[in-house]
Each structure stands twice: as structure tokens, then as C-alpha cells.
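Below is one structure, written out as C-alpha cells, with a few remarks after it.
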Amino acid sequence: MLTAAAIYDALGKIVGKDFVSDGKEERYFYARDGGLMPPHEPDFVVLPRTSEEVQEIVKLANREKVPIVPHGAGLALTGLVIPQRGGIVLDMKRMDRILEVNEKARYVVIEAGVTHGALKHHLQKHHPHLRHSIPDSPPIATIAANVVIHGQGRLSQQHGFNSDMVSGLEVVLPTGELCRIGSCSVSSYWFSKGPPLPDLSGLFLGWFGTTGIITKLGLKVYPCKKMRDVMLALTDKAELVPDIMLRLSHTEMVEDVVVAAQPLPLRFKGTFWIMAYITGDGHEELEFKRKMVWDALWEYFESRDVGFLSIPSGMKAPLLSMPSKDTTRFADVSKGGGFQYAGPIAPIEKFPLFIRKLEEVAADHKLFYSSTSRLIGAGHCMMFSFSFSFNRANADEMARAKTALDECSRFALEEGGVLWKADIDEQRLLMDKMDPNTLVLMKKIRQLLDPNGIMNPGNWEIR
Amino acid sequence: MQDYASQIHRCFRCGYCKFPSDYSSLNCPSYRRFRFESYSTGGRLWLIYAWLKGEIEWSEHLADILYACTTCKNCAEQCPMKFAPDIVDWIVGARSDMVEKGRIPLRVARFFEAVHGYGNPLKQLRSQRAAWANGVKKYAPGDEYLLYVGCLGSYDENGQKMARTLVDVLNTSGASFGILAEEEECCGNEIYMLGEMGLFQSLAEKNSRKFKDLGVRKVIALCPHGYNTMKNKYPASGGDFQVYHYTQVLDDLIKKNKMKPSPAKAKVTYQDPCFLGRYNNIYDEPRRVLQSIPGIELVEMERNRRDAFCCGGGSGNFITDLLAGGEDSPARVRAREAYETGADTLAVACPSCLTMLTDAVKAEDLDDKLTVKDISQLLRAPLSTR
């Protein structure tokens, strides 16, 4: 058993002494995220540069039975990279190389620290006819972390969860082996994460780093049209929102459908803002799609249940921006630097129920709320966010926000939703409700892959 | 300065501050250099808040993290929050608290001691302040401008060349100016940014009084750091004069046909100094001067203007060097970026940038491919008068 000093030295030998720290300052920062989960400090923070370095670190951790937690940008807000048992945090962002863009097969191969911002810029500059599904999280969010939590983005209405767009993985297993998943395991091409092979990507996606560390991934990219616009429909009838979403999806003409609700400014209160994003290679295509969206909602327009808002240019630019800075700004509405959301994945028919619950919980706990729901797939489900902002200098407000979030999560679960990027408390709720045989399977997988239980312990921990 | 302690918790650590506006690369010098979140603006603000709350103790490492910030203002430019314009003030405020408690990095303490004792951070003798000038006339009532060359212009080898060249250029144009010579004193910009408010106040008042006593109405600053502090901080300390960066004056002289550059041949890229660009919105004048030289092709680095990447010298780091060297040092990153444009010349408008980038070009082994020159050096070579 090595001493902490010896482990520190060993880590320094692997990554170079400039890229390992046991300093209080780094341990403080990596002990927490911007959300409400209690902090817990790591013993070391390490910044690897290569898959081989990650392998060596994992082998060391496995040998010494030291916990290890891969860290992207720590933006999930649900404490998924808080090292619950200490150990080593691996900040992956030095692994930032974009290795390949295959224009003919429409995928990219990237290292696990590549950020959404960096890939967006790279594609815009070098491959302007291609794009990837950009989430609303800030641009420093890493693509690997986003797919590990089954994130969604601008192309999720058309193509599903961002994790559905993975086209291959390179993973360091908890025992140190480097393993390729998907077509890249038998070919030099990274076009498929599974089919026609057994789809092993499910051993890693959604597991929050408890089954291995992704070091490279293939990601599908999609046609990028030359023009993009957003149409804004308004309604004050929550019960119509699911059908509106379905009608928009039925056109097969919209890039993304997002529904926003918030009580302030007062003119927003009681109104649901339905944003339909459309794209085109020319005005004619864009106009045609605009007409299709109009036609889809015409009946509601005629009955005066839905209105279309002509969007002023000053408002349109933020709506079209990717990622959306407005999403981040919600953290400062109470001038307090914090927000968190419970984001269940649920059938879209639950929208009216969820919005009522959100308003009720916010009133009960005297919190400012907002909600942004995104259509996933062709209406197969939505991500509904119960969002609350809070002031980090106000402990009472933080406690109320946590209670409110827990209440919303329990409610969503009871109503048939599945909690997204669940924190460790929510993971327990999910596992309590889960089919027992599914739990047994998950436990077997974890024990098989991670016999020493070193990978992000505390998460998906099956008793 | 506002009460930063009541506001600093508002940072959400979203990380927009790490990027330029197109997300092309990392644009926070200290985060780019060290890559630990603690060295990003969000990291720094969260650590300051933790220190204020007593959740972490002061340490040399904490002080190094705080002082590794070059106050380049990229974070303020990119942060999406309403408090964005205040971020640098918050960092300076925390530094000021550390100064008051006497808990600062040794290298920063030495910087203060040198300015306090010698009037410059390089610990050079006051009597040698005009050694560069070689007979340049002292300012006298009736001169249109006072040329203020600052500490680097007075003592640093590269800065001295820059000052001498500017004097030549101004002389050619017939401009009426003089210098303070041995009477010149540190402008205090770095002192302010490093948080020594007492020393800054003393410098600002002393300089303002001296200018007033001499009847100075217009100052030409060689250095964007001096320009910034005289323009934005001195008025509160009694400063009552107009200040120009030298590129503004050159631009004006060229516009008025008092200077006519002759043809030259060079492919030039330009480094926007933080204290000229992001702090004072001066982007066009230096470019116009460069473009006035027939035969010069101006090419932009990917990160330019508001998105320009700092050379790493701000907040006294050209001396304290808390960003250290190595291939990830901001100056070396920037030298590579300049080289990638295909330019043969990297034009600068700041003596700090000149030294930082000249050293970086050498360290990158690019000195036979890329020459770092100040704008007046580029102008002087082909210059002719009307």
C-alpha cells in the first residue's frame, strides 16, 4: 500500500509534475460543482494528456484501491463528479485533440476532453456543411461527459439523445485495459457504436464513469444548412402544449422544439413560449418550412389558442445562439450564482401536470423558477426541467431549493418519468423503483468490470 | 472600487470566461498555462469566496493563483452575466485585501518594494531613468506633448529601443514634445492591478501634480498600461490632462499628412495589447498606421481585437513571471499563433508585449522566421517626411 506522497510522486511520473496537484485549492474546487450536492474533496487532481497516461493512472488506482473519478467540466450540477470517497479526480480537458473528421461518413473522432465549443468552432471553420448536436450547457462542457449523462442538444428532436449519436468509443476499463467499442473495434472507421455487432456502448453510456473512462469517441455529425431561423408560438393553455409539440414534430421540418416558461418578467407569466427552429439552404426552403410550421398550428391559431410572435432582432440572436448564454444567465436572476434543475425524461403528455407541479412547488418554497422542455425524438419523450435559481450566499434559500428539487424529482418519478443525470439521492430513488432483476444485472456488470470498486464510487451503487 | 466581498459569490463557474467569442481555443492566459480549474477566472473567484468565508486558509499557492491572473479582461469580455464588467475589480479587490494582510507572493512584494524605493519595478537607479534618451529634450512649457515612456521604455532594452524609435518618428513629423527624463516616475498601473492601493494613490497624485506644475495638457504614453491608468484612474487623483497612446498620435499625424510612410515589404500580424484594446477600445488606430505603410500586408491572427490572447505580461507578470515559462506560456502560444498566419513580422504596440513576445519567439526557435517589432519601428524604416 503506497503512501499518499508515493501516489503523488507516481502520478507526477505519469503525467508530469505540472499536471498533478494535491493542493488545498485544487481539492477545494474539484470537491464541488455549481449545484446543491454537498462537497467532498479528492486527494489528488490529475490532468492526463493521452489514453496511455489514463491507463497508467487507472492501473495505479486499481492496484492501490484508490477511487478515481473522471471529470469533464463539472457542469451536470448534480454532483456526478464530486469524489464521494476522495481519491483521484481526472480532469480530462487536456485530452483536447480532434483526431478525424470523416466528411463522407459524417462522423468525428475526438479525444474525451474536447469541448462542445471547440468542436463547434472546428466544424464551422473547416467543415461548414457539418454540425453536431450542441447542448445548452456552456461551451466548456465536454462532449464525452455530455454523452455519458445522455445529454440532449439542438438535434435531439430529430436524432434522439446526444448519446444516440455516439459512433464509437475508446475506453480504459477499471482494470487498465484499453478497449474499443463499435465499428472501430474491427475497422479503421468509427461509423457505428454497435450495429451490426453487440452494442457494448451501453456498458459505459449513462454509467457516470462507474464502469470505465472514455478516452476517445466517435460522434455523428449532421448536415449544416446555410440558414437558420426560429419561430415563436405562444399559448396560455398548458394542456395544448403536448399536441403542439407533436404537430411540430409531425412536419419533420423542424430542427428543434423547445418550450419555455417562467413567471418573470410579468408579461411572461402564464404563457408558454414554444420555439420551433428551422433551417434551410436558401430562402425558398426556409419559407417552405415556415409555412409548414404555420400550417401545423393553424387550427389553434384560428381558435386563438396559439399566437405567433414576430421576434425582434435583439431577441432573435440570443434565441439562435448555440450554446445559449441565456440558459446560463438564469443562475444570476437572484444575483446569487446558482441554479439547478431536476430534468426528468418523460412522455410529453406529462407537460401540463409537470408545469402545475413546478408552479406549486416554487410557491410553496418561495423560489424563482423557470422551465425549459426539449422534445426528444419524434415526440418519443421530452426533457422537462424543474429549474430553481438560488443565492449561494443564502444557505436557507439553497436548502429550500434542494428540498424543492427533491420534491419535483419524486413527483416526476411517480408520474412515470425517469430522472436524468440523477444525483446520488435520485439514483437511490430510481434503483428503489427499478425492476430487481435489472438491478442484479447492473450489479453484475459493475462487479465484473470494476472488481475493486474504484470507479466513481457512490454513484450507481447497488446495495 | 466596489465591495467585492458581497458580490463575488455570483460567479456560477460556467466557464465562458475561458474562451474567446468563437470558442476557438482557450483565451484565459493562466488557465491556458496551468489547465487546473483553479487557475481559471471561475476557479479564482470561487477560491476567493472560500477564503473570505474561512473555508480555506491563505497559502502561497492561493496567492500565486490569484496573482497569476494578468487582468487581461478576457473574462469580463466573455462572461454572460450582468456583473461581467466587475470581475477584474473583484480580483483586484481580493489582491488588495491580501496586500493589507501582508500575504502576497514574494515576487509581488519585491515588485512593490522596487517601485516604492526606486520608482520602477526593475530596481534601476532613478538617475539612470533617462539613459535611453541620449539628449532628447526635456518637456518645457509650450511643448504640445509630454512623452511619457514609462518604466519599460526607460530601462528595458527592448522598451528603450521602442522609446528611441518613437522619438525619431515624432521628430520627423515635427511634433512638439519633451520628456520628463530623471523626473519620470512609475505610472502605477501594475501597482493598482496588483492591489497596492496606497502606493498607487501616491504615484497617481505625484504624477498628476507634476504634470500640473509643468503645465502639461497632453500626454503621449508609450505603453498601453500607462495610457490606461492615466486615462481611467488619474482623473480621480487630480489628473487633468488628455492622454493619447502613441499609435493614436501617429494615426493622427498620418491622417494630417504630417507623416508619409514610404513603401516597405512585410507581411505583418498585430498583437492587440489588453490595456489598449479590451480596456480602452483602441483597435483601429494601430491597424490604420500599419496599413498606411505601402507594401505592408496586414493579416490577422485568429484571435484578435476583443478576442486577442494576452501575451502574459499584464499585472506585473512581465517581471513577477508567475505564469512561468514553458511551451504553454501565453507568450509562446501567441508566438506560434502569429507564425501560423504566415506573417514574417509580429507588430506590437506595447513594451511589455515586445519583450514577452521577443523572448517567446526565441524560445520557439522562430527568430529567423518571425521578427517582433513595435509599430513605430515598422514606421520608421520606410518613413519619409513631406
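Protein sequences, first through last, are from chains A and B. The numbering of the first sequence is the numbering used here, which starts it at 1 and goes up by one. The numbering of the second sequence is the numbering used here, which starts it at 464 and goes up by one. Yeah, the Cβ is synthetic: ideal placement off N, Cα and C, and Gly gets one too. Nothing here was measured: the structure is a model prediction, and the numbers come from that model.
query	result
Cutoff 8 Å; reference GLN31/A; Cβ partners in own chain excluding five residues on either side	Just to set this straight, residue 31/A is Ala in the shown sequence, not Gln. Hits under 8 Å: PRO39, HIS40, GLU41, PRO42, ILE82, PRO83.
Neighbour flag for ARG400/A against chain B, beta carbons, 8 Å	no
Proximity below 8 Å, CB of HIS250/A to CB of ALA296/A	yes
Cross-chain neighbours of ASP136/A in chain B, by beta carbon under 7 Å	Going along chain B, no residue has its Cβ under 7 Å from ASP136/A, so there is no contact; the nearest lies around 11 Å.
Within-8 Å CB hit, GLU540/B to chain A	no
For HIS129/A, the three-state DSSP class (helix, strand or coil)	coil
Within chain B, the residues that TYR30/A reaches when beta carbons sit closer than 9 Å	PHE499, GLU500, SER501
Residue-chain proximity (ASP332/A, chain B), Cβ-Cβ < 8 Å	yes
Exposure of HIS380/A, with buried meaning 16 or more beta-carbon neighbours within 10 Å	exposed
Assigned secondary structure, LYS357/A (DSSP; H/G/I helix, E/B strand, else coil)	helix
Chain-ordered residues of the segment 519-548 of chain B with a beta carbon less than 8 Å from chain A	ILE519, GLU520, SER522, HIS524, LEU525, ILE528, PRO543, MET544, LYS545, PHE546
Distance, ILE88/A Cα to ASN146/A Cα	21 Å
Closer than 8 Å to chain B by CB, TYR8/A	no
PHE781/B and MET722/B closer than 8 Å at C-beta	no
Where TRP595/B sits in the DSSP three-state scheme	coil
Residues of the segment 42-69 of chain A whose Cβ lies closer than 8 Å to any Cβ of chain B, in chain order	VAL45, LEU47
Proximal residues to ILE756/B (C-beta, below 7 Å), its chain only, five neighbours per side dropped	PRO724, ALA727, LEU841, LEU842, PRO845
LYS601/B, DSSP secondary structure in three states	strand
First through last residue of the beta strand (DSSP E) which encompasses VAL259/A	256-261
Supposed close pair GLY338/A, GLY79/A - CB separation, criterion 8 Å	About 13 Å separates the two Cβ atoms, so there is no contact after all.
Contact list for the segment 308-335 of chain A against chain B, Cβ threshold 7 Å	LYS325, THR328, ARG329, ALA331, ASP332, LYS335
Test: ASP485/B CB closer than 8 Å to a CB of chain A	yes
Positions along the segment 85-114 of chain A whose CB lies within less than 8 Å of some CB in chain B	ASP91, LYS93, ARG94
Sequence-distant residues of the same chain with beta carbon closer than 7 Å to PRO323/A, five excluded per side	HIS116, ILE134, PRO135, ASP136, SER137, PRO138, PRO139
Interface flag, ARG154/A vs chain B, CB-CB below 8 Å	no
Closer than 9 Å at the beta carbon, the chain A residues around ARG589/B	By Cβ distance, chain A contributes nothing, its closest Cβ being about 39 Å from ARG589/B, past 9 Å.
Where TRP509/B sits in the DSSP three-state scheme	helix
The segment 677-696 of chain B contacting the segment 612-623 of chain B, beta-carbon criterion three pairs below 8 Å	yes
Beta carbon proximity, LEU510/B to chain A, threshold 8 Å	yes
For MET95/A, the nearest candidate out of LEU155/A, VAL101/A, ALA112/A (CA to CA)	ALA112/A
Test: ARG228/A CB closer than 8 Å to a CB of chain B	no
Nearest-angstrom beta carbon gap, THR635/B and THR732/B [assumed within contact, 8 Å]	Contact flag wrong, Cβ pair sits at about 26 Å.
Assumed close pair ILE430/B, ILE471/B - CB separation to whole angstroms, cut-off 8 Å	What is shown of chain B runs 464 to 849, which leaves residue 430/B out entirely.
Secondary structure, beta strand (DSSP E): runs of 3+ residues fully inside the segment 755-827 of chain B	759-761, 808-811
Rounded straight-line distance, which links the Cα of GLN664/B to that of SER696/B	The residue you asked about is not Ser; residue 696/B is Lys in the sequence shown. Distance between the alpha carbons of LYS696/B and GLN664/B: 9 Å.
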